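Participant: In our numbering, the protein residues as written are 27 to 320.
Just so it is clear, CB atoms sit at the ideal spot from N, CA and C, and this is done for glycine as well.
In this text the structure is predicted, and so the values were computed from the model without any measurement.
Take a look at the following structure, please.
Written out as C-alpha cells, the structure reads:
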C-alpha cells in the first residue's frame, strides 16, 4: 500500500503523527519513496561568537548560563581539549583558538535583536573568564568561524586512531557532569576520549579513540566496557543513548537497558502489524525473534 502523510498546512492533528512514526522507524516499518520539503527564508541577520575556555566543564557551564539568562541561540557547539589538539595537529595552531575547550554560539533573526543579543552574550562570556573571544556578523564571516567546527571529525580521524562516535543526549542540567564524566572514562579505561557537538540540546558526540580496534579483540572488548559505563551513566541522568544516529546494529546490545519493557513490547507489536514477514531492514534491534516474542 502507498500511504501519503503531511501536506501544505502548518498544523494537522487528523489522526496519529504518521510522519514521525515512519521517518523515525529506521526503515523497519516502511519504505519512504518520496519526500516533499518546505523551504523557509533565511533570517535577515546572523552572528557567531567564538570563545575559548580553560576546561570543557567551564565551557559547558557557559552554555547553561546562556540559557539561564533567557537567550535562545540557534546553535551552541562545544569541543574539548583532545578535539582541539587533534585539529591543531591537522590544521595548524594558527587556525585553532587557544585554550583547552571551544564554544561556538550562533544567533539569527532581525538585525537589531541579533546585534543586541550578541553584545550581551559577549559580556556574559567575558564574566565567565572566556578568552580568544571573536564575533562574526553576516553569513560569510560566520562560516569562517564554523569552518573549524566542520573539520573536527576529519581531524580526529587524522590521528590514526579508530574514532568510535557516540551521540548521547543528557538534560542540559547534566552537561557539565557529562564533560567531567568523559574525562573519568579516559582514566578508567585508558582510551583518549574526544567530546564535541551540540551543547545547546545536550547532544554530545563522545568519541572513544581506540588504537588497534580493528586488529585486537581485547581492545574491542575494552571499548564495550567503556560504552557500558557511558550509557549506564547517561541513562541514570535521564538521558538517552542516541539522539541522532538511532539504535541500528551498533547499539542493539543496549536496547533493553535504554527502553522500558512496555516500550519494547509496543515496538514489537507495531513491527508485527506493519511488517509481519520481517522483510523491512531485518536484523536490527527489532529482529524477527524480538518482534514475535515481545
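#1: Between residue 56 and the rest of its own chain, which residues show a CB-CB distance below 6 Å, the 5 nearest in sequence each way excluded?
#2: Exposed or buried, which one is residue 136 when buried takes at least 16 other CB atoms within 10 Å?
#3: To the nearest angstrom, report how far apart residue 81 and residue 280 are at their CA atoms.
#4: Starting from the N-terminal side, write out each stretch of the alpha helix (DSSP H) that is 4 residues or longer and does not extend beyond the stretch 155-211.
#5: When you compare each of 115, 243, 167 to residue 178 by their alpha carbons, which one comes out closest?
#6: Can you grab the Cα-Cα spacing for the pair residue 209 / residue 269, in whole Å?
#7: Look at the alpha carbon of residue 215 and the alpha carbon of residue 51, and state the distance between them as a whole number of angstroms.
#8: Let me check understanding here. Comparing Cα to Cα, which of 228, 226, 227, 222 lies closest to residue 234?
#9: I'd like the span of the beta strand (DSSP E) that includes residue 223, first residue to last.
#10: If we ignore side chains and look at the alpha-carbon of each, how far apart do residue 266 and residue 306 end up?
#11: Determine which residues share a DSSP beta bridge with residue 254 and list them.
#12: With DSSP as the reference, label residue 132 as helix, strand or coil.
#13: Give, in chain order, every unbroken run of the alpha helix (DSSP H) that is at least 4 residues long and sits entirely within the stretch 43-71.
#14: Quick one: Cα of residue 67 to Cα of residue 172, how far?
#15: Start and end of the alpha helix (DSSP H) containing residue 236?
#16: Could you tell me the distance, in whole angstroms, from the CA atom of residue 316 to the CA atom of residue 277?
#17: Taking the straight line between their C-alpha atoms, what separation do you get for residue 78 and residue 241?
#18: Would you mind sorting residue 244 into buried or exposed? The rule is 16 or more other CB atoms within 10 Å of its CB.
#19: Return the bridge partner residues of residue 102 from the DSSP annotation.
#20: Under 7 Å between the Cβ atoms of residue 147 and residue 131?
#21: Suppose you measure from the CA of residue 110 to the CA of residue 44; what does that come to, to the nearest Å?
#22: Please determine, among 46, 75, 64, 69, the residue with the shortest C-alpha to C-alpha distance to residue 58.
#23: If you draw a straight line from the alpha carbon of residue 231 to that of residue 219, how long is it in whole angstroms?
#24: Pick helix, strand or coil for residue 213, following the three-state DSSP scheme.
#25: Taking 8 Å as the cut-off, does the stretch 247-264 touch the stretch 185-198 (at least 3 CB pairs, one atom from each stretch)?
Facilitator: Working from what's here:
#1: 48
#2: exposed
#3: 31 Å
#4: 165-176, 178-183
#5: 115
#6: 21 Å
#7: 33 Å
#8: 222
#9: 219-224
#10: 25 Å
#11: The partner list for residue 254 (beta bridge, DSSP) is empty, contrary to what the question assumes.
#12: strand
#13: 44-49
#14: 21 Å
#15: Looking at the DSSP string, residue 236 is not in any alpha helix (DSSP H); the run it does join, the beta strand (DSSP E), is 229-236.
#16: With a pLDDT of 48 at residue 316, under the threshold of 50, the modelled position of this residue cannot be trusted; read the value that follows with caution. Looking at the two C-alpha atoms, the distance is approximately 15 Å.
#17: 37 Å
#18: exposed
#19: 131
#20: yes
#21: 41 Å
#22: 46
#23: 10 Å
#24: helix
#25: yes
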